[in-house]
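Student: The structure is given below, and queries will be raised subsequently.
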């Protein structure tokens, strides 16, 4: 049971871990806290301070929780924490996904850990009375997360790279077969190279203007001050102006080409 809410951009507030959920076999985990992200919209994020290690941005996958995959020192330390341990939290920050209205037909394209910010969107859309279709993909059945949450919210088209569950192949294979004209909105989150291929299909099908993409970049401040997460050529800040952007904003940008590490060096995809 949560006992408080937080909505702040200053010093981190202490939050105790009240439940740990292993979402998949490959070090994908959800942490639930004794405090909620106040009025967090699907797609927004919180800054999570792992004491003695680092502060990192993580998407709000629940009102009182975040979901992550171990990819570096900070997430490795976070993965080692137990129920009863605590972290520091700031947020929620950034712009989330637009919420569809009753009668809308929407398409959600989720790859890997990118399913985390999209699951709350699917639930909100379903609650609003929208018709939800989800293309949910992962490397294997062991990598899929939130399958039940998505199925409870709409029609799920499953894909796995190795064919261990659902259709063998990538989300782009299924996407290319869809009549995108029947959807009012298309929401995308996953590995950036996957999203780039999704973007290519949307361009071919003249559907970019109805799309929204959730971006990931290296953050330092999380509130739009330092400029570490600015996207070339537009200069939009992922932490403040995003992480969710209209697809049209990402055209002719660094999207799908490169990102920057902590030193600012370009890393090509």
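Residue numbers (UniProt numbering): 1 to 269. Using N, Cα and C, we set each Cβ at its ideal position, and we do this for glycine too.
#1: According to DSSP, residue 65 sits in a beta bridge with which residue or residues?
#2: Tell me the rounded alpha-carbon separation between residue 242 and residue 42.
#3: Can you tell me which of the three DSSP states residue 159 falls into?
#4: Applying the criterion that 16 or more other CB atoms from any shown protein chain within 10 Å of the CB defines a buried residue, is residue 272 buried or exposed?
#5: When you compare each of 226, 96 and 140 to residue 122 by their alpha carbons, which one comes out closest?
#6: I need the DSSP call for residue 19, collapsed to helix, strand or coil.
#7: Report yes if the C-beta distance between residue 282 and residue 150 is below 7 Å; otherwise report no.
#8: Thinking C-alpha only, which one of 106, 237 and 141 is nearest residue 188?
#9: Taking DSSP as the reference, what is the three-state secondary structure of residue 24?
#10: In three-state terms, what does DSSP make of residue 272?
#11: Kindly confirm or deny that the segment 62 to 82 and the segment 25 to 43 touch, where touching means at least three C-beta pairs closer than 8 Å.
#12: State the Cα-Cα distance for the pair residue 142 and residue 163, rounded to the nearest angstrom.
#13: Name the residue from 155, 44, 190 and 186 whose alpha carbon lies nearest to the alpha carbon of residue 271.
#14: Between residue 91 and the rest of its own chain, which residues show a CB-CB distance below 6 Å, the 5 nearest in sequence each way excluded?
#15: Around the C-beta of residue 56, are 16 or more other C-beta atoms found within 10 angstroms, so that it is buried, or is it exposed?
#16: Considering just the uninterrupted stretch of the alpha helix (DSSP H) at residue 150, what are its terminal residues?
#17: Could you tell me if residue 270 is buried or exposed, where buried requires 16 or more neighbouring beta carbons within 10 angstroms of its beta carbon?
#18: Which of the three DSSP states is assigned to residue 3 in this structure?
#19: Below 8 Å, can you find three or more Cβ-Cβ pairs linking the segment 260 to 267 to the segment 207 to 222?
#20: Would you call the CB atoms of residue 85 and residue 18 closer than 7 Å?
#21: Note down the Cα distance separating residue 235 from residue 253, rounded to an integer number of angstroms.
#22: Considering only residues of the segment 40 to 119, which uninterrupted beta strand (DSSP E) runs meet the minimum length of 3 residues and lie entirely inside it, listed in chain order?
#23: Alpha carbon to alpha carbon, how far is residue 80 from residue 200? Give it in angstroms, no decimals.
Tutor: A quick look at the data gives this:
#1: Sequence index remark: in the chain shown, residue 65 carries index 65 (1-based). BP columns for residue 65 point to 32 and 62.
#2: What you label residue 242 is simply residue 242 of the chain shown in a count that begins at 1. What you label residue 42 is simply residue 42 of the chain shown in a count that begins at 1. Each residue's alpha carbon lies about 12 Å from the other.
#3: As a first step, residue 159 must be located in the chain shown, where it is residue number 159. Strand at residue 159.
#4: As displayed, the chain neither begins before 1 nor continues past 269, which places residue 272 out of reach and without an answer.
#5: Position 122 of the chain shown holds residue 122. That would be 96, whose Cα lies nearest to the Cα of residue 122.
#6: Residue numbering aside, residue 19 sits at position 19 when the chain shown is read from its first letter. Three-state result, residue 19: strand.
#7: Here the chain comprises residues numbered 1 to 269, so residue 282 is not present and cannot be evaluated.
#8: As a working note, residue 188 is residue 188 in the chain shown. The option with the nearest alpha carbon to residue 188 is 106.
#9: Locating residue 24 in the chain shown gives position 24, counting from the first residue. DSSP places residue 24 in strand when its eight states are reduced to three.
#10: This structure gives no information on residue 272, because the portion of the chain shown stretches from 1 to 269.
#11: yes
#12: In the chain shown, residue 142 corresponds to position 142, counting from 1. In the chain shown, residue 163 corresponds to position 163, counting from 1. The straight-line gap from Cα to Cα measures roughly 11 Å.
#13: Residue 271 is absent from the model: the chain starts at 1 and stops at 269.
#14: In the chain shown, the residue the question calls residue 91 occupies position 91. So the list reads 46 and 47, once near-sequence residues are dropped.
#15: On the chain shown, residue 56 is found 56 positions in, with the first residue counted as 1. Classification of residue 56: buried, given that the 10 Å Cβ count is 16 or more.
#16: Along the chain shown, one-based indexing puts residue 150 at 150. That run of the alpha helix (DSSP H) goes 147 to 153.
#17: As displayed, the chain neither begins before 1 nor continues past 269, which places residue 270 out of reach and without an answer.
#18: In the chain shown, the residue the question calls residue 3 occupies position 3. With a pLDDT of 49 at residue 3, under the threshold of 50, the modelled position of this residue cannot be trusted, and the question is left open.
#19: yes
#20: For the purposes of this step, residue 85 is taken as the residue at position 85 of the chain shown. For the purposes of this step, residue 18 is taken as the residue at position 18 of the chain shown. Not a contact, by the Cβ cut-off of 7 Å.
#21: Stepping through the chain shown from its first residue, residue 235 is reached at position 235. Stepping through the chain shown from its first residue, residue 253 is reached at position 253. In a straight line, the C-alpha of residue 235 is about 9 Å away from that of residue 253.
#22: 45 to 50, 54 to 62, 65 to 69, 86 to 93 and 105 to 111
#23: For the purposes of this step, residue 200 is identified with residue 200 of the chain shown, where counting begins at 1. For the purposes of this step, residue 80 is identified with residue 80 of the chain shown, where counting begins at 1. The alpha-carbon atoms of residue 200 and residue 80 are separated by roughly 39 Å.
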